[in-house]
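Just add 15 to the spot in the sequence shown (first one is 1) and you have my numbering.
Backbone N, C-alpha and C fix where the C-beta goes; we use that ideal spot for every residue, glycine too.
Below: the structure, in C-alpha cells.
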Amino acid sequence: MTKFLSILLIILGFTSLSPAIADVTQVRIVGDGAPTRITLWTDTAESADGLLTEGNGERKVVLLLAQNGYSAAGEGNGGVESWSLEPGRLEFTLDRPMAVTRMLRLPPTGKERAYRVILDLDTISPTRYTVAARRDTKKLAKLETQFAEARADAKKLAGAATATRKATGPRKHVIVIDAGHGGKDPGALAVNGGKERDITLKAALALRDILEQTGKYEVRLTRDTDVFVEHEDRVTMARNWGAELFISLHADAAGSASVAGASVYTISARGETRIDRESSRNDWKIAIEDGTPGQLNGLLEDLVKRETKTRSAEFAELLLPELAAAGPVLRNTHRNAGYYVLLAPDVPAVLVELGFVTNADDAKRLQSEKGRKAAVTAIASAIDAYFDQQDLRLASN
Ligand SMILES: [Zn+2]
Numbered sequence: 016m017t018k019f020l021s022i023l024l025i026i027l028g029f030t031s032l033s034p035a036i037a038d039v040t041q042v043r044i045v046g047d048g049a050p051t052r053i054t055l056w057t058d059t060a061e062s063a064d065g066l067l068t069e070g071n072g073e074r075k076v077v078l079l080l081a082q083n084g085y086s087a088a089g090e091g092n093g094g095v096e097s098w099s100l101e102p103g104r105l106e107f108t109l110d111r112p113m114a115v116t117r118m119l120r121l122p123p124t125g126k127e128r129a130y131r132v133i134l135d136l137d138t139i140s141p142t143r144y145t146v147a148a149r150r151d152t153k154k155l156a157k158l159e160t161q162f163a164e165a166r167a168d169a170k171k172l173a174g175a176a177t178a179t180r181k182a183t184g185p186r187k188h189v190i191v192i193d194a195g196h197g198g199k200d201p202g203a204l205a206v207n208g209g210k211e212r213d214i215t216l217k218a219a220l221a222l223r224d225i226l227e228q229t230g231k232y233e234v235r236l237t238r239d240t241d242v243f244v245e246h247e248d249r250v251t252m253a254r255n256w257g258a259e260l261f262i263s264l265h266a267d268a269a270g271s272a273s274v275a276g277a278s279v280y281t282i283s284a285r286g287e288t289r290i291d292r293e294s295s296r297n298d299w300k301i302a303i304e305d306g307t308p309g310q311l312n313g314l315l316e317d318l319v320k321r322e323t324k325t326r327s328a329e330f331a332e333l334l335l336p337e338l339a340a341a342g343p344v345l346r347n348t349h350r351n352a353g354y355y356v357l358l359a360p361d362v363p364a365v366l367v368e369l370g371f372v373t374n375a376d377d378a379k380r381l382q383s384e385k386g387r388k389a390a391v392t393a394i395a396s397a398i399d400a401y402f403d404q405q406d407l408r409l410a411s412n
C-alpha cells in the first residue's frame with residue numbers, strides 16, 4: 016500500500032507574535048481506528064471551518080492553525096502513529112487510510128479555562144480517500160492563502176480602529192491619553208489632600224505637550240478639563256479617533272501607607288471575556304473590508320483581538336524600564352486587570368498607575384512639577400520606542 020490519505024482539518028485559530036501564547040496546549044489520542052478519538056485542548060475559542068483530505072500521498076492528518084506559537088510531539092494510537100505540533104500546523108502520521116467522521120467543539124467547563132476540540136477518525140477504503148483527496152486539494156490551497164491574507168489584514172487592522180486615514184504626507188501616529196476619573200468622580204484621595212482626578216489631568220496635559228513637541232504624534236485627550244466621562248465613552252472616543260495606542264493614567268491607593276511606586280496594567284484573561292459583550296453593547300465593530308468571505312470574518316476579528324493584546328503587552332514591556340529609570344515602581348510591575356477602559360477589541364491599551372497617593376513620598380512626587388515631568392517623559396520615551404518598533408516591522412513586511 017503506497018497511497019494513504021492526508022486529512023486536513025482547517026481550524027481557524029489565532030495569531031500571536033509572542034511564542035508564549037500557544038493555541039493547542041494538549042493532545043490526546045485514544046481508540047482502535049473504529050473510531051480513534053483525538054482530543055485537543057486550546058487556550059482560546061476557535062471556529063473550525065472545514066475538513067479536507069489532500070492527495071499528496073503522505074500518511075498524514077494535518078490540522079492547519081492560523082498560528083500556533085510553539086513545537087511539541089508525541090505518540091499516537093489506533094491508526095495514528097504519532098503527532099507533531101509546529102507553529103501554525105498540527106500533524107498526525109497515520110498507518111492506514113482514515114477520515115475524520117465527527118468533530119465537536121466544547122467550551123470550557125467549570126473552573127477549566129481550556130476549550131476542547133474532539134475529532135473521531137474512522138478507517139475508510141483507499142477509493143473513498145482518492146475521491147475526497149481530489150475534491151479537497153484545491154480547496155485547501157485556497158484556504159491557506161486566505162489564512163495568510165487574514166493574518167496580514169489583522170496586523171494592519173490592530174490599532175487602526177475605524178478612522179479613515181489621510182493618504183497624504185507622512186502620517187502622524189494617533190495617541191489617545193485618558194486622564195482617569197474627573198468631575199463628580201474624584202478617584203483616590205491623597206494623604207496630602209490632593210485628588211486623583213487632578214493628578215491624572217495634569218499628567219495627561221503634560222504628556223500631551225511633550226508628545227506634540229516631537230511633531231510625530233496626533234494626540235487626543237478623553238478629557239482636558241475637570242469633567243466626568245463614562246468609561247465606555249472613553250473607549251468609544253479612542254476608537255472613533257483611530258487610536259493606535261490608548262494610555263489611561265491613574266494613581267493608586269493602598270491600605271498600607273508604605274506601598275509605593277508606579278505600575279502598568281494590560282487586559283487580564285478574565286477581562287478579555289468581557290470584550291465581546293461590551294463590543295456588541297457599544298457597537299465597537301472591528302472594521303473588516305467589504306467582500307471578505309463571511310467565514311473569515313470571525314477569524315479576522317479573533318486575529319485582530321489577539322494582535323491588539325500582543326501590542327498592548329509589547330508597549331507595557333517597553334514602558335516598564337522607562338518608568339523604573341524615572342522613579343519608584345511596584346514589584347511585579349506589569350499586571351493584568353479587567354479595567355473597563357482596556358476593553359477595546361482593536362486598540363492596544365495600557366493603564367498606568369503613576370504611583371500611590373496613599374504613600375506620602377508618591378503623593379508628593381505625583382503632585383510636583385518635577386515628579387510629573389519625570390513620569391510623562393518616561394511614558395513619551397516608551398511611546399517613541401514602541402512606534403519605532405512598529406514602523407520597523409511594517410517596513411520589513
Ligand atoms: Zn483610578
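Contact test: Glu245 Cβ vs ligand 1 heavy atom, cutoff 7 Å: no
Could you give the first and the last residue of the continuous alpha helix (DSSP H) run that contains Gly286? Ala284 to Glu287
Distance, Ser140 Cα to Leu358 Cα: 51 Å
Hey, is Gly195 close to ligand 1, as in C-beta under 7 Å from one of its heavy atoms? yes
Roughly how many whole angstroms lie between the Cα atoms of Gly93 and Ile133? 15 Å
When the Cα atoms are used, what is the spatial distance from Ile262 to Leu314? Linking Ile262 to Leu314 through their CA atoms gives a straight-line distance of about 27 Å.
Within the same chain, show all residues whose beta-carbon is closer than 7 Å to that of Asp403, passing over the 5 residues directly before and after it, in chain order. The beta carbon of Asp403 sits closer than 7 Å to no other beta carbon from its chain once the five residues preceding and following it are set aside.
Could you check what DSSP says for Arg180 in three-state terms: helix, strand or coil? Only weak support is given to the placement of Arg180: the predicted model assigns it a pLDDT of 43, under 50, and the question is left unresolved by the model.
Is it buried or exposed for Asp47, if we count other Cβ within 10 angstroms and need 16 for buried? exposed
Three Cβ pairs or more, each shorter than 8 Å: is that satisfied between the segment 340-357 and the segment 254-268? Three or more Cβ pairs drawn from the segment 340-357 and the segment 254-268 lie within less than 8 Å of each other, which places the two stretches in contact.
Residue environment, Phe107, which counts as buried when at least 16 other CB atoms sit within 10 Å: buried
Reduced DSSP category for Tyr354 - H, G, I as helix; E, B as strand; rest coil: coil
On the three-state DSSP scale, how would you describe His196? coil
With Leu204 as the anchor, note down where its beta strand (DSSP E) starts and where it stops. For Leu204, there is no enclosing beta strand (DSSP E), since its DSSP letter is neither H nor E.
Whole-number beta carbon distance between Thr251 and Ala129, since they are thought to touch under 8 Å: Incorrect: roughly 33 Å between the Cβ atoms, too far for contact.
Does the beta carbon of Gly313 fall short of 7 Å from some heavy atom of ligand 1? no
Locate the alpha helix (DSSP H) running through Ala219, then write down its first and last residues. Glu211 to Thr229
Rounding to the nearest angstrom, what Cα-Cα distance links Arg326 and Pro50 in this structure? Using only the alpha carbons, I get a separation of about 43 Å.
Quick check on the burial criterion: 16 or more other C-beta atoms within 10 angstroms. Buried or exposed for Ala397? buried
Check whether the segment 156-164 touches the segment 352-372, counting contact only when three or more Cβ pairs, one atom from each stretch, lie closer than 8 Å. no
For Glu316, I'd like the list of residues in its chain whose CB is within less than 6 Å of its CB, leaving aside the five on either flank, ordered along the chain. Ile301
When every heavy atom of ligand 1 is checked, does at least one fall within less than 7 Å of the C-beta of Gly202? yes
Given a cut-off of 8 Å on the beta-carbon distance, is the pair Val365 and Leu334 in contact? yes
Identify the residues that DSSP records as bridge partners of Met113: which are they? According to DSSP, Met113 bridges with Thr138.
Going along the chain, which residues of its own chain have a beta-carbon closer than 7 Å to the beta-carbon of Pro389, five neighbours each way excluded? Checking the sequence shown, residue 389 turns out to be Ala, not Pro. Hits under 7 Å: Ala341 and Gly342.
Selected residue, minimal CA-CA separation from Asp419, among Ala114, Ala221, His246 and Glu233: Summary: the structure shown does not reach residue 419, with the chain confined to residues 16 through 412, and so no result is reported for it.
What is the DSSP secondary structure of Arg326, reduced to helix, strand or coil? helix
Whole-angstrom distance between His349 and Glu332, CA atom to CA atom: 7 Å
Tell me whether Glu316 counts as near ligand 1, meaning its Cβ is closer than 7 Å to at least one heavy atom of that ligand. no
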